[in-house]
Amino acid sequence: MKIDWAALGSVFGVSLAVTVALVGLFTLGVVSLTKKESSRGGGAALAATGAYACFAACTAAVAYGIYLIVA
Amino acid sequence: MEHITLLLGIVIVTALVFDFTNGFHDTANAMATTISTGALRPKMAVAMSAALNLLGAFLSVEVAKTISGGIINEKGIRVEVIFAALVGAILWNLLTWLLGLPSSSSHALFGGLIGAAVSSAGWSAVNGSTIVTKVLIPAVAAPIVAGLASMLATRLSYAIGSRAENKATAKGYRAGSIASAGLVSLAHGTNDAQKTMGIITLALVTGGVIAPGSNPPTWVIVSAGLAIALGTYLGGWRIIRTLGKGLTDLAPQQGFAAQTSAATAILASSHIGFSLSTTQVCSGAVLGAGLGRKGGVVRWSTATRMLAAWIMTLPAAGLVGAGAELLTKQGTWGTAATGVLLIAGAGVIWSLSRRKPITVDNVNDVETEPVGVVTAAIAAVTPPPAGQLVTADTATDAAADLKATIPAPDAGPSAEPTRPATV
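Now the structure itself:
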């Protein structure tokens, strides 16, 4: 019996890292968006840029996910 | 298509029925958290999941070469064996649906195949070590992988977002969880509709209708996609309620963390090649999200019932599959009797389900099952953070009442509230 521990380990590692990174990014984005509404001027612009950068990264991850399903 | 015998026709229809049960059994995986956190209305959620399942069925060009992934020896397999396996898998799927328990449809199919193959050709037909590596170890690993990822993600999300207003962020998390749920649905369509296509193709090859090694005909792809989409659309509301409300109470950001961890774990596992059951990944993710929030309440009694269902899946579906195979061996009348028994069994389960129907209208109602003692004790010692869900607060109140009458540590399992007997 050959158990593919390497594959199991990488599934574990990848799932953990990607999930935490994505959820972290998305939360940052959501929080920045609410900050944007409460602050003015330069702060708001910075918060909005940060938020959209976070969401763009998440969208890229979803696109990669779709690519993995299709391929 | 002209040489399809009656038996082959029955097998094809049964395979599509299995595909259908697979669809409504697994709607919960993608949509339970989305529905319970209010990200999508129930009807909308199942419609979206159905559409993505259908799309997924057409997306992948890779044909499921073996239906069992090497667990049983598929060479020279009789059509009756496939039929018997499907009977076992369908009945187990329906029974777990009646009990509202998420269990892996693939494991039910594997169980049915193993039982039918053993009863047909003896233990040598089954590859024991493959069962361990492809079924048992993934079954243990899936909830741990997804649960841990979802727990840490929930913690992180609460840590980062603690200062933001709940109302303002909920909308964002809901949108995020819809995207993750969409990915799960799409992946489910590609994987699970393929399985049915593989079964029908194998049956067609066995029956000599199409040449060995050929791709599934278009009508097979279309009908498998439609069957799984229809099943998904009708929605296994019982299982959705268990996963979305029964296991733990989810806030939007927990739902988002759970769904994202499930989508990631499913895609990572199918891409890296250590395939994990979608059902077990999703259940683990919901559990992890429940554990990740301070003061989160996980109903361990529900989790235990789910665990029991997972352990039972393989042997139970296997026993039914073996019995069905013995019956089909008796000849045409045996096969007919198996078919009648399948329909009768499905009918009984359906009529039992009507006694206490769970539909689109009451899917989000709070579970009547009382909070378990362990859960109550955990909730009592962990103070809920301010501004949490109302449901969490009521649960803690109930816990406080409980604690006043029963000293939780000494109570032990005997104080576990009596659950309604199965069926």
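Protein chains in written order, with the working numbering: chain A, 34 to 104; chain B, 6 to 428. Cβ atoms here follow ideal geometry from the backbone N, Cα and C, with glycine treated the same way. None of these values were measured; they are calculated from a predicted model.
Anticipated Cβ contact below 8 Å, residue i with residue j, distance rounded
{"i": "residue 244(B)", "j": "residue 105(B)", "result": "6 Å"}
{"i": "residue 241(B)", "j": "residue 102(B)", "result": "5 Å"}
{"i": "residue 189(B)", "j": "residue 35(B)", "result": "4 Å"}
{"i": "residue 84(B)", "j": "residue 16(B)", "result": "6 Å"}
{"i": "residue 65(A)", "j": "residue 150(B)", "result": "Not a contact, Cβ separation roughly 30 Å."}
{"i": "residue 51(A)", "j": "residue 273(B)", "result": "7 Å"}
{"i": "residue 159(B)", "j": "residue 298(B)", "result": "6 Å"}
{"i": "residue 326(B)", "j": "residue 89(B)", "result": "5 Å"}
{"i": "residue 37(A)", "j": "residue 279(B)", "result": "6 Å"}
{"i": "residue 28(B)", "j": "residue 232(B)", "result": "7 Å"}
{"i": "residue 98(B)", "j": "residue 110(B)", "result": "6 Å"}
C-beta neighbour in chain B for residue i, strict 9 Å
{"i": "residue 37(A)", "result": "yes"}
{"i": "residue 61(A)", "result": "yes"}
{"i": "residue 57(A)", "result": "yes"}
{"i": "residue 67(A)", "result": "yes"}
{"i": "residue 79(A)", "result": "no"}
{"i": "residue 76(A)", "result": "no"}
{"i": "residue 52(A)", "result": "yes"}
{"i": "residue 98(A)", "result": "yes"}
Straight-line Cα distance separating residue j from residue i
{"i": "residue 331(B)", "j": "residue 220(B)", "result": "31 Å"}
{"i": "residue 267(B)", "j": "residue 366(B)", "result": "26 Å"}
{"i": "residue 70(A)", "j": "residue 201(B)", "result": "50 Å"}
{"i": "residue 84(A)", "j": "residue 57(A)", "result": "12 Å"}
{"i": "residue 178(B)", "j": "residue 33(B)", "result": "19 Å"}
{"i": "residue 248(B)", "j": "residue 212(B)", "result": "40 Å"}
{"i": "residue 300(B)", "j": "residue 329(B)", "result": "48 Å"}
{"i": "residue 96(B)", "j": "residue 113(B)", "result": "9 Å"}
{"i": "residue 397(B)", "j": "residue 302(B)", "result": "With a pLDDT of 41 at residue 397(B), under the threshold of 50, the modelled position of this residue cannot be trusted, and the question is left open."}
{"i": "residue 155(B)", "j": "residue 293(B)", "result": "5 Å"}
{"i": "residue 338(B)", "j": "residue 344(B)", "result": "10 Å"}
{"i": "residue 143(B)", "j": "residue 173(B)", "result": "39 Å"}
{"i": "residue 310(B)", "j": "residue 251(B)", "result": "11 Å"}
{"i": "residue 43(B)", "j": "residue 257(B)", "result": "8 Å"}
{"i": "residue 136(B)", "j": "residue 334(B)", "result": "25 Å"}
{"i": "residue 214(B)", "j": "residue 207(B)", "result": "10 Å"}
{"i": "residue 238(B)", "j": "residue 39(B)", "result": "15 Å"}
{"i": "residue 26(B)", "j": "residue 319(B)", "result": "17 Å"}
{"i": "residue 90(A)", "j": "residue 96(A)", "result": "10 Å"}
Cβ shell of residue i (< 8 Å), same chain only, five flanking positions each side left out
{"i": "residue 77(B)", "result": "118, 119, 122, 130, 131, 132"}
{"i": "residue 99(A)", "result": "none"}
{"i": "residue 153(B)", "result": "293"}
Residues that residue i contacts on chain C, provided the C-beta gap is smaller than 8 Å
{"i": "residue 40(A)", "result": "The displayed structure is made up of protein chains A and B, and chain C is not among them."}
Identity of the residues DSSP links to residue i by a beta bridge
{"i": "residue 253(B)", "result": "303(B)"}
{"i": "residue 119(B)", "result": "In DSSP, residue 119(B) forms no bridge with anything."}
{"i": "residue 77(B)", "result": "131(B)"}
CB contact check: residue i to chain A, cutoff 9 Å
{"i": "residue 165(B)", "result": "yes"}
{"i": "residue 199(B)", "result": "no"}
{"i": "residue 255(B)", "result": "no"}
{"i": "residue 230(B)", "result": "no"}
{"i": "residue 153(B)", "result": "yes"}
{"i": "residue 238(B)", "result": "no"}
{"i": "residue 115(B)", "result": "no"}
{"i": "residue 21(B)", "result": "no"}
{"i": "residue 273(B)", "result": "yes"}
{"i": "residue 184(B)", "result": "yes"}
{"i": "residue 161(B)", "result": "yes"}
{"i": "residue 110(B)", "result": "no"}
{"i": "residue 292(B)", "result": "no"}
{"i": "residue 191(B)", "result": "yes"}
{"i": "residue 54(B)", "result": "no"}
{"i": "residue 262(B)", "result": "yes"}
{"i": "residue 173(B)", "result": "yes"}
{"i": "residue 296(B)", "result": "no"}
{"i": "residue 129(B)", "result": "no"}
{"i": "residue 65(B)", "result": "yes"}
{"i": "residue 134(B)", "result": "yes"}
{"i": "residue 302(B)", "result": "no"}
{"i": "residue 284(B)", "result": "no"}
Same chain, Cβ closer than 7 Å to residue i, five either side skipped, listed in chain order
{"i": "residue 77(A)", "result": "69"}
{"i": "residue 228(B)", "result": "21"}
{"i": "residue 308(B)", "result": "252, 292"}
Close Cβ partners of residue i (< 6 Å) along its chain, the five nearest in sequence each way excluded
{"i": "residue 107(B)", "result": "33, 244, 248, 284, 288"}
{"i": "residue 270(B)", "result": "150, 151, 286"}
{"i": "residue 59(B)", "result": "230, 234"}
{"i": "residue 364(B)", "result": "242"}
{"i": "residue 195(B)", "result": "61, 64, 65"}
{"i": "residue 62(A)", "result": "84, 87, 88"}
{"i": "residue 205(B)", "result": "17, 20, 225"}
{"i": "residue 295(B)", "result": "253, 301, 303"}
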